[in-house]
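For the protein sequence lines, the chains are A and B, in the order given. Using my numbering, read the first sequence as starting at 1 and increasing by one per residue. Using my numbering, read the second sequence as starting at 1001 and increasing by one per residue. To keep things clear, I will list the structure first and then write my remarks on it.
Protein chains: 2
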Amino acid sequence: MSARSAVQPNPQRPSSVRQIAEIVGVSIATVSRALNAPHQVTPATRNRILEAASRVGYRPSPLGRNLVVGRSHLVGLIVPNIGFPLYGLMARSVEDILEPLGLRALLASSDDDNDREVEAAQSLLRHAVDGGIVINSRASASLPSGPRYPWIHLSPEAAGLSGAVELDNVAGGRLAGQHLLSLGRRRLAHVAGEGREGDDREAGFLEALRDHPLEAVGRAVGDYSEQTGRISTRAILERVGRDGLDGLFLASDIMAAGALRELREAGLRVPEDVAVIGFDDAEFAGLLTPPLTTVRQPAKAMGAAAARLLLQSYTLESSETLSNQPVLFAPELVVRGSSVAAHHS
Amino acid sequence: MSARSAVQPNPQRPSSVRQIAEIVGVSIATVSRALNAPHQVTPATRNRILEAASRVGYRPSPLGRNLVVGRSHLVGLIVPNIGFPLYGLMARSVEDILEPLGLRALLASSDDDNDREVEAAQSLLRHAVDGGIVINSRASASLPSGPRYPWIHLSPEAAGLSGAVELDNVAGGRLAGQHLLSLGRRRLAHVAGEGREGDDREAGFLEALRDHPLEAVGRAVGDYSEQTGRISTRAILERVGRDGLDGLFLASDIMAAGALRELREAGLRVPEDVAVIGFDDAEFAGLLTPPLTTVRQPAKAMGAAAARLLLQSYTLESSETLSNQPVLFAPELVVRGSSVAAHHS
DNA sequence: CTGAAAGCGCTAACAT
DNA sequence: ATGTTAGCGCTTTCAG
């Protein structure tokens, strides 16, 4: 079946420079110039070419063009999971920076898996991306690279790599600690997260606590799920007793959501009995009961910074290289009802 | 650091079939065959070629290949905003279906804007995507298309288009209505959402209510924000009085979050005084207080269905065409504490 | 200002 | 089984 042929020399195939050249009666070189360097062509012929082009609905083929110029205008974007809001936000702002320059993001999910990430990078390379951004890399070092394939790293473990954007997690933990202290809380506890991020947040938290006369400091570790937020909180409560806790910092908002629930069920009031503070400032943080105080991770700004870094490396001489100093982002404290009783509202 | 050069004649330019052909002493055609149709080549030479290829770190250029085969193995993915969790989930599952087939998603955000969407589609086409999926299209009809550029629509307004995946919003509204009725609630109200989606959800809701002796039915319209959820709830309360409401359905979970807050501040208990039900089953629905009963939108399944539809159109004869019947997805009721008092837990 | 010609990297007949 | 040849759509010298 089908339009296999017979009608036109080529019914299916989109119009090409050659077709236009024939219509107008010029060479394909002139057509190319009229399109890419208009001032190099006599207005008269240029117009005839442009007119013919729009008449046949001409679309330049990026395939042909890319082949000769050697760039695809594609940028790889490796993300643990684009379905996670935080990563989605970062991806979005990467896109916003790239788009005005005619660059498009090619997506790949790594699921936080070392091997999948390397595979993704290779796959993207096979699609001829001009460069790439990798969020929360697990395999930074082993990513296939080269002068023509700059990878920008947007993650906590990128230390020492040539193009990196990081959140200052230590500062974030410090912020949380200082906030609880400033509230007069002295029986504190922390539910840490896994990995480098979690370690840094905890380090900052403890640093803020140092030299303060605390009555107690509890600790547990979670995996950034609501579940472990609850369980860890319960465990801490059992250890220190209902009166042994008046300030709780968790390494993520999701865990904090679990903590809020657990505390409520234990009959403790937030923030009166215990002030709670999370990390990330996820979309839902302000919707919880009470609204969650948290340490905000500037996802959009970080995504934008990574994109700009990539752009910058585009214009570099091949001998030059990006700074080894990561671009560090400062987190920000967002105070809500889980740490300070609502004034009114 | 690193292998800046000196090793190869050409430090910068990646290796090509030609280079390998020269090294091994065969024609470039044989190299191509050894790579793409191994069995057409003598094991001996094949091995020498493969060995040489890996030695020089050969990576086939997709640009050259695509140019001749006429496909880019790129799929466009137009999304209102990849930063929205629901869309992120859909994107992720599209990716999961596409990846095993060597297809990659090229991302573009439309911000729910008609013009931006058309621009995005054109931009993707310029990047030679083989086809595309457009989520929540505002401009379905005016998207540049053709037999070689199948667009699959994943949205409520795609009716009548050739490849479409839709959520049965009417059924969703009905589910919500039936649930409230089954709970014995008779003083109901609805906070509708804008657009076709909102209309359908409301239509289904009202349909379920028909023929039931209701004491009152309130109504307001919101724009899917927490703000308008609150305001609408307040307005309804003012209109019908504190005792005039015992069941509230909102067209989105975010609005429902606002409603929960408003009801609490009005001193009404959920679910005892009023049962609340949202729509979407967003990530945070289960984290609210009380956990939100909602109508679940099967985002992952819908994304996967759209991807499969696209794949299907890949293999179609050019005269064939996809069904005009949209693939309809049934929403699912998720009962939580906002409509039924917790048994225990 | 314009045309002719070469070539980007690869595949696909068509020969051998 | 392998080589030859042509050409995908486009840009870019190099001449004129």
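Ideal Cβ positions, reconstructed from N, Cα and C, are used throughout, including at glycine.
Span separating the alpha-carbon of residue i from that of residue j
i, j, result
"A/V276", "A/L67", "56 Å"
"B/E1317", "A/L154", "Any reading at B/E1317 is ruled out, since the residue's pLDDT is 49, under 50, leaving its predicted position unreliable."
"B/G1222", "A/L248", "36 Å"
"A/F279", "B/A1235", "34 Å"
"A/I231", "A/A220", "9 Å"
"A/S313", "B/P1290", "50 Å"
"A/S72", "A/P62", "8 Å"
"A/A29", "A/P14", "19 Å"
"A/E99", "A/R269", "48 Å"
"B/P1326", "B/L1310", "13 Å"
"A/A52", "B/L1050", "47 Å"
"B/E1166", "B/R1138", "14 Å"
"B/P1150", "B/S1109", "18 Å"
"A/D115", "B/R1308", "26 Å"
"B/R1210", "B/G1193", "20 Å"
"B/R1336", "A/D112", "31 Å"
"B/V1026", "A/L35", "40 Å"
"B/G1031", "B/G1064", "The residue you asked about is not Gly; residue 1031 of chain B is Val in the sequence shown. Distance between the alpha carbons of B/V1031 and B/G1064: 14 Å."
Residues of its chain near residue i, where Cβ-Cβ distance is below 6 Å and the 5 sequence neighbours each way are ignored
i, result
"A/H226", "Per the sequence presented here, residue 226 of chain A reads as Glu, with His not at that position. Cβ neighbours of A/E226 beyond the five flanking positions: I254, A257, G258."
"A/G353", "What is shown of chain A runs 1 to 345, which leaves residue 353 of chain A out entirely."
"B/A1216", "R1187, V1240, G1244"
"B/T1233", "A1259, E1262"
"A/A120", "I78, A108, S110"
Residue range of the unbroken beta strand (DSSP E) whose run includes residue i
i, result
"A/S109", "104 to 109"
"A/I135", "131 to 135"
"A/V276", "275 to 280"
"A/T294", "293 to 296"
"A/A164", "164 to 167"
Simplified DSSP assignment, three categories, for residue i
i, result
"A/A330", "coil"
"A/T233", "helix"
"B/I1023", "helix"
"B/R1336", "coil"
"B/I1097", "helix"
"B/E1127", "Residue identity differs from the one stated: residue 1127 of chain B is His in this sequence, not Glu. Of the three classes helix, strand and coil, the one that applies to B/H1127 here is coil, per DSSP."
"A/G244", "coil"
"A/H153", "strand"
"A/R55", "helix"
"A/V68", "helix"
"B/G1286", "helix"
"A/H73", "coil"
"B/I1049", "helix"
"B/L1250", "strand"
"B/V1079", "strand"
"B/A1120", "helix"
"B/L1268", "coil"
"A/A176", "helix"
"B/A980", "As displayed, chain B neither begins before 1001 nor continues past 1345, which places residue 980 of chain B out of reach and without an answer."
"B/P1060", "coil"
"A/D115", "helix"
"A/A341", "coil"
Residues near residue i in its chain [Cβ-Cβ closer than 7 Å; skip 5 each side]
i, result
"B/L1237", "L1245, A1266"
"B/Y1087", "V1079, P1080, N1081, I1135"
"B/G1218", "A1189, I1236, R1239, V1240, L1245"
"A/V274", "L245, D246, G247, L248, L263, L268"
"B/Y1058", "S1015, I1020"
"B/P1144", "A1121, Q1122, L1125"
"A/H212", "L181"
Same chain only: Cβ atoms within 8 Å of residue i, ignoring 5 sequence neighbours per side
i, result
"B/M1409", "Within the shown structure, residues of chain B are numbered from 1001 to 1345, placing residue 1409 of chain B beyond reach of any answer."
"A/E207", "V170, G173, R174, G177"
"B/G1204", "N1169, V1170, A1171, G1172, G1173, R1174, L1175, A1176, G1177"
Extent of the continuous alpha helix (DSSP H) run through residue i
i, result
"B/A1301", "1299 to 1314"
"B/V1031", "1028 to 1036"
"A/L260", "253 to 265"
Taking only runs that begin and end inside the stretch 1184 to 1231 of chain B, name each unbroken beta strand (DSSP E) of 3 or more residues, in chain order. 1187 to 1192, 1216 to 1221
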